[in-house]
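Number of protein chains: 4
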Amino acid sequence: MSIDGMGTPEIHQNASKATPPSEGPEAIDRQDPDGEIAGRARAYRNWGRWGDDDVLGTLNFIDDGKRREAAQLVRSGRTVSLSLPFDMDGPQKGWRRRTNPVHTMLDTGTDAQMGHQGFPHGLGGADDVIAMPLQCSTQWDGLGHIFDHGTAWNGRPAGDVVTSDGDLVTGIEHTAASFVSRGVLLDVGRHLAPEAGRLPDAFAITPEHLDDTAQAQGIDVTRGDIIVVRTGQLARAKAEGWGEYAGGPAPGLSLTCAGWIHRTEVAAVATDTWGFEVRPNEFDVPAFQPLHQVSIPNIGLTIGEMWDADELAELCAEQSRWEFMLVAPSLPITGAVGTPVNPLAIL
Amino acid sequence: MSIDGMGTPEIHQNASKATPPSEGPEAIDRQDPDGEIAGRARAYRNWGRWGDDDVLGTLNFIDDGKRREAAQLVRSGRTVSLSLPFDMDGPQKGWRRRTNPVHTMLDTGTDAQMGHQGFPHGLGGADDVIAMPLQCSTQWDGLGHIFDHGTAWNGRPAGDVVTSDGDLVTGIEHTAASFVSRGVLLDVGRHLAPEAGRLPDAFAITPEHLDDTAQAQGIDVTRGDIIVVRTGQLARAKAEGWGEYAGGPAPGLSLTCAGWIHRTEVAAVATDTWGFEVRPNEFDVPAFQPLHQVSIPNIGLTIGEMWDADELAELCAEQSRWEFMLVAPSLPITGAVGTPVNPLAIL
Amino acid sequence: MSIDGMGTPEIHQNASKATPPSEGPEAIDRQDPDGEIAGRARAYRNWGRWGDDDVLGTLNFIDDGKRREAAQLVRSGRTVSLSLPFDMDGPQKGWRRRTNPVHTMLDTGTDAQMGHQGFPHGLGGADDVIAMPLQCSTQWDGLGHIFDHGTAWNGRPAGDVVTSDGDLVTGIEHTAASFVSRGVLLDVGRHLAPEAGRLPDAFAITPEHLDDTAQAQGIDVTRGDIIVVRTGQLARAKAEGWGEYAGGPAPGLSLTCAGWIHRTEVAAVATDTWGFEVRPNEFDVPAFQPLHQVSIPNIGLTIGEMWDADELAELCAEQSRWEFMLVAPSLPITGAVGTPVNPLAIL
Amino acid sequence: MSIDGMGTPEIHQNASKATPPSEGPEAIDRQDPDGEIAGRARAYRNWGRWGDDDVLGTLNFIDDGKRREAAQLVRSGRTVSLSLPFDMDGPQKGWRRRTNPVHTMLDTGTDAQMGHQGFPHGLGGADDVIAMPLQCSTQWDGLGHIFDHGTAWNGRPAGDVVTSDGDLVTGIEHTAASFVSRGVLLDVGRHLAPEAGRLPDAFAITPEHLDDTAQAQGIDVTRGDIIVVRTGQLARAKAEGWGEYAGGPAPGLSLTCAGWIHRTEVAAVATDTWGFEVRPNEFDVPAFQPLHQVSIPNIGLTIGEMWDADELAELCAEQSRWEFMLVAPSLPITGAVGTPVNPLAIL
């Protein structure tokens with residue numbers, strides 16, 4: 001199964017239609033986002049599964065045993081960062097006040113060298129400041145990031161959870177010790193498009209694509225895994241410029257993956273794209289990020305976006321080994337609904 | 001050797017005088033910071049050790065083998081965050097424009113619930129922004145943070161390294177994959193003051209204190225380790241309020257530890273204090289952070305500050321085991337001289 | 001009438017009781033903030049007075065004739081700024097995430113002088129950035145700043161006016177050309193306390209105090225004026241340190257001034273205090289800024305805070321002339337509920 | 001003299017060559033920016049003119065008499081703001097870390113209406129924060145903004161003036177009471193291109209153009225005036241989108257205007273463009289903002305950029321009157337090298 005040479009998204013979308021998802025609703029009615037979302041929300045909702053007070057959602061699938069298993073995957077010790085650099089050359093263009101990170105200096109080496117700092121005994125220093133949206137670059141979406149009809153994770157009213165004081169209930173600080181698990185790379189871009197190494201924009205990755213990739217890679221997805229889906233879009237952006245990377249057309253997960261996510265009991269899923277799911281979304285009427293709407297407030301899934309999996313993909317291919325220890329700590333900003341992250345894959 | 005009940009810093013300083021450091025210059029001339037710093041800078045300078053182009057300093061001591069060894073330390077999988085929460089309740093009071101983190105929302109759940117967002121099919125969202133000094137809370141000091149007489153790490157002119165465009169040479173982004181190693185907790189507070197569990201302000205921790213603690217804990221410090229020195233000051237601040245935690249009197253490393261740091265070939269050292277080294281510094285004339293001046297630009301040491309090791313200390317004491325896998329990824333902000341960090345100890 | 005030597009706020013509060021306000025409700029029931037506020041809100045509400053679409057409130061009292069009159073007050077041309085400097089030495093201490101302004105440089109003269117900028121033909125430059133709450137220093141409170149039981153100016157639901165996207169209706173940008181008028185200084189501090197030149201904390205300025213001061217100064221308050229009430233608190237803060245200036249005890253307007261504000265048809269009122277009205281507020285049960293609650297959403301009043309009227313007061317006293325042209329332009333930040341301002345008095 | 005229908009910048013540049021500037025060096029050698037700049041810097045340098053300690057430069061031309069004269073120009077009282085709105089829809093695209101203003105809310109009306117704020121007696125509030133470059137929209141360039149070969153205004157070494165602590169000498173706070181004067185609009189766009197109402201990109205406005213416009217408008221430029229030069233570029237940007245407004249091709253002042261600026265003894269000059277001077281600059285070799293280099297550090301001129309003079313131009317044309325009272329207060333940010341400004345023209 002290869003899509004190399006596929007000229008247009010239309011082709012794949014037909015293909016996608018031809019291979020109906022194996023979960024829940026069998027096909028997407030492109031006129032009915034409300035129905036398609038509501039059906040999956042009902043089918044895959046995890047509310048109450050970890051108690052009324054839960055603040056972690058599917059991160060609960062990671063337990064001490066899982067973390068121990070993750071550490072045992074380390075063979076060479078080789079470590080790869082999956083983070084983009086955080087700077088003004090990032091993908092943001094101002095949509096919804098999202099800028100690239102603005103990093104400024106409070107003190108500099110030029111000042112120190114010219115003797116402007118006033119410290120004793122030849123000491124000099126440099127300090128700095130950052131101003132940035134928490135979702136501007138490589139990130140985790142927290143459970144307070146998305147609501148479904150005014151309802152947040154675990155069935156709470158959105159307005160009781162996230163006010164202008166931040167996320168009062170499921171703030172990212174609760175995940176401070178959560179992001180250590182077995183990581184699995186599903187390099188769908190390489191599997192489906194071995195020549196190009198990347199999927200075209202608007203390509204919807206279905207559960208079958210995920211399973212096929214896993215099978216081809218000879219790996220099982222298991223409870224508590226953190227899945228990294230590589231589409232190859234970021235590699236193109238790095239080579240050709242950001243273009244419309246932030247919010248524009250992109251390959252990504254199909255809404256039909258909601259069932260796969262629910263069934264596999266993975267702890268989190270990250271992609272190398274801006275928006276996790278396929279863009280434009282799979283509807284002929286106005287729609288926006290329907291898989292987020294099912295996954296975050298209903299399944300309780302934490303989502304990673306803008307993860308750079310290119311170097312990791314090279315290593316995994318070389319070693320024909322697609323599992324590793326993944327440590328991707330949130331920055332515990334009290335009340336945050338997202339966090340920048342530098343995910344480390346330790347092989 | 002216990003300092004419990006020690007009423008005043010003076011007492012301990014005499015004690016400190018009475019037990020001269022085992023490294024380099026045998027005692028500190030409290031009238032001569034220039035000489036004390038210059039002697040240690042010369043003695044322990046690592047310039048050129050990893051080539052003229054080096055940007056990592058002692059982080060070079062961590063290699064794949066070390067990371068593999070670190071992973072093998074994981075037994076239970078139990079994971080502890082050593083990070084403070086990042087919020088306005090932090091220790092900063094405005095010194096040198098260092099504020100606590102200001103976290104604001106771009107979109108909220110109240111807006112979503114009241115229908116003000118305009119997304120289709122019942123989608124709602126929350127987004128957020130942070131403005132903060134990179135050194136405002138739990139952090140790594142990068143190699144561009146401190147200069148010695150206008151000279152940065154590896155002998156480079158400070159003004160060629162850190163301009164208002166940031167650290168052009170040793171920016172924290174180079175450490176993106178560096179912070180995975182064996183972690184060792186030296187709970188000096190508990191060892192020297194078993195009843196109080198914490199050292200008094202102005203207590204200078206000498207190499208002998210470090211070695212005694214390691215010996216009492218039954219652990220060896222080895223090349224490439226990331227050392228976490230717990231003084232107990234942060235526990236007090238959490239219990240009693242920040243007070244002068246940011247810049248005020250504190251227990252911390254003595255300048256005489258420079259030789260210990262150099263000899264042990266540790267990769268990095270972190271403390272639970274604002275400033276790593278003892279405050280006030282060990283001079284009777286104006287002085288400011290002399291151990292920084294020796295360690296960062298000369299030894300090439302990366303320093304951690306404001307690490308919360310209290311929960312970790314409890315666990316280590318329970319298990320009588322003071323080593324663990326430590327993963328403490330920098331946030332790869334291009335050109336940064338420091339980084340907030342959420343260090344994870346995996347036991 | 002003088003309060004010089006008044007030792008305690010208690011004394012003045014008795015005095016305040018002894019001189020009941022001449023407007024509306026004759027005295028304040030210190031157990032009933034709800035009633036006291038509601039009565040005044042009903043009595044002085046200007047909703048609909050300038051049409052259903054109004055976004056300016058009492059600024060409508062300033063018309064071209066008033067501005068012409070203001071210009072005609074200019075005699076010497078001497079101009080005085082009523083602004084504090086905007087920097088980290090300001091009064092904020094972090095309450096509700098209000099910090100002092102953090103000003104950082106994007107480029108510096110040291111970098112330019114050392115040749116680090118890369119511009120041709122010897123050009124060098126410096127650029128800068130600010131991060132600050134709009135209410136951190138000398139400021140105008142916009143009409144979206146305060147709500148009364150969920151209702152904003154002109155009777156609009158607060159949630160329809162100010163979302164996390166800002167003030168969608170009465171944003172400060174609508175006032176871009178508004179703040180030119182006759183200014184009148186009422187130097188209550190000097191009038192009531194001629195020796196100290198300032199009122200004690202918790203001193204409640206009543207309408208009678210305002211009228212007495214105007215009479216003593218030989219000036220009439222007229223429709224459309226911008227009134228600057230000087231208590232002297234800021235002079236003390238400048239001399240003795242900010243202390244609890246931001247939110248702590250302060251002299252200021254009594255709730256009973258609501259009627260005076262309504263009757264005089266002034267366009268705006270500013271004080272040299274953090275909070276405009278007397279602090280603690282005039283109730284024995286929990287209360288917070290009741291005059292704001294009556295004035296902003298009900299009267300439609302724009303309020304100035306932290307205006308430094310000390311130099312102006314000296315000039316006015318020298319010239320025995322308390323009126324001037326006042327130009328105090330908002331910074332038209334779209335959707336802002338407040339604005340920093342540098343008010344200029346042109347005499 | 002009209003340029004309507006002028007197809008290309010080339011044409012006007014020939015024309016510009018054909019009408020050599022009446023000041024100083026007679027024509028520009030397009031191969032020699034160093035020489036062209038140096039000659040004008042020497043010829044027009046005002047160093048020492050107002051003493052060695054001067055921090056105001058040509059703003060010294062505004063005295064009390066000038067301000068009085070300005071006030072006397074007010075006839076109708078009609079007031080016009082020359083400020084753009086400050087928001088994310090501004091012209092910035094990230095060049096040198098210049099973003100558009102990011103305005104976020106600390107508290108909102110939705111939160112207040114939903115009862116999330118916890119204030120007593122029905123009080124609700126909204127607060128906000130701004131993060132923005134000081135040069136991101138309508139602004140004044142301060143005297144510390146530009147250097148000539150490492151030298152700042154009045155001959156000071158740039159590194160002694162602007163460090164990472166800001167402008168220690170000529171910070172914008174010194175201008176807090178400065179910007180009140182007679183304003184003169186020179187509507188060069190309307191005069192030279194009466195049909196289009198705007199000049200083409202790359203059109204260099206010469207001293208002759210300025211004088212012709214003044215003469216056609218029947219107005220004299222006098223000492224201490226604040227001159228607003230309207231090219232019409234901003235009107236196009238508002239109609240057609242920002243495009244390359246920030247840094248791209250634009251009409252603007254020719255380098256040859258340096259002599260005009262010096263001779264007329266104007267206090268300040270502002271334009272409706274991003275960069276004040278013609279872009280690309282008038283050289284065939286790499287060059288960047290040569291008129292800034294002559295004007296700011298040598299002449300001591302304060303420069304206004306991105307001023308919106310379109311509404312003002314309409315009024316002036318209607319009344320055939322091109323002078324007015326101009327009040328354009330800086331925001332006195334300590335150490336700033338620029339300031340956002342809301343300039344008010346009072347007619």
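Residue numbers (this note's numbering), protein chains in the order written: chain A, 1 to 347; chain B, 1 to 347; chain C, 1 to 347; chain D, 1 to 347.
Where a beta carbon is used, it is the ideal one built from N, C-alpha and C, also for glycine.
It should be emphasised that the depicted structure is a prediction, and the values quoted were computed from it without experimental measurement.
Please state the DSSP three-state secondary structure of residue i.
i: alanine 204(B); result: strand
i: glycine 24(A); result: Low local confidence applies: a pLDDT of 41 at glycine 24(A) is under 50, so the model's placement there is unreliable, and no value is given.
i: threonine 334(D); result: coil
i: isoleucine 62(C); result: coil
i: valine 269(B); result: strand
i: arginine 263(D); result: helix
i: glycine 155(B); result: helix
i: leucine 253(A); result: strand
i: glutamate 244(B); result: coil
i: alanine 328(D); result: coil
i: glycine 118(B); result: coil
First and last residue of the beta strand (DSSP E) that includes residue i?
i: alanine 345(C); result: 344 to 346
i: threonine 302(D); result: 302 to 305
i: leucine 123(D); result: 123 to 125
i: phenylalanine 147(A); result: 146 to 148
So residue i and residue j are in contact, right, with Cβ under 8 Å, and what is the actual spacing, rounded?
i: valine 337(C); j: aspartate 167(C); result: 5 Å
i: arginine 75(C); j: leucine 347(C); result: 6 Å
i: leucine 82(B); j: alanine 345(B); result: 6 Å
i: methionine 105(B); j: serine 330(C); result: That belief does not hold up - the Cβ atoms of methionine 105(B) and serine 330(C) are roughly 24 Å apart, past 8 Å.
i: threonine 333(D); j: isoleucine 172(D); result: Correcting the residue type first, residue 333(D) is isoleucine in the shown sequence and not threonine. Between isoleucine 172(D) and isoleucine 333(D) the Cβ distance is about 6 Å, and since that is below 8 Å, they are a contact.
Apply the 10 Å Cβ neighbour rule to residue i and answer buried if 16 or more other Cβ atoms are within range, or exposed otherwise.
i: alanine 239(A); result: exposed
i: glutamine 215(D); result: exposed
i: arginine 42(D); result: exposed
i: tryptophan 153(C); result: buried
i: proline 194(A); result: exposed
i: valine 285(B); result: exposed
i: serine 254(B); result: buried
i: glycine 118(D); result: exposed
i: glutamate 277(C); result: buried
i: glycine 115(D); result: exposed
i: glutamine 139(C); result: buried
From the beta carbon of residue i, is the nearest beta carbon of chain E less than 8 Å away?
i: aspartate 111(C); result: Within the model displayed, chain E is absent; protein chains A, B, C and D are what it includes.
What are the boundary residues of the alpha helix (DSSP H) that residue i is part of?
i: glutamine 139(D); result: Premise fails: glutamine 139(D) lies in the beta strand (DSSP E), 139 to 141, not in any alpha helix (DSSP H).
i: alanine 112(B); result: 109 to 113
Fill in: Segments assigned beta strand (DSSP E), at least 3 residues, entirely inside the segment 160 to 240 of chain C
180 to 186, 226 to 229, all fully within the segment 160 to 240 of chain C.
Item to complete: Could you tell me which uninterrupted beta strand (DSSP E) segments, each at least 3 residues in length, are contained entirely in the segment 30 to 104 of chain A, listed from first to last along the chain?
Response: Fully enclosed beta strand (DSSP E) runs of 3 or longer: 79 to 81.
Worksheet item: In chain order, which beta strand (DSSP E) runs of at least 3 residues are fully inside the segment 279 to 320 of chain B?
Response: Residue ranges of uninterrupted beta strand (DSSP E) with 3 or more members, entirely inside the segment 279 to 320 of chain B and ordered along the chain, are 302 to 305.
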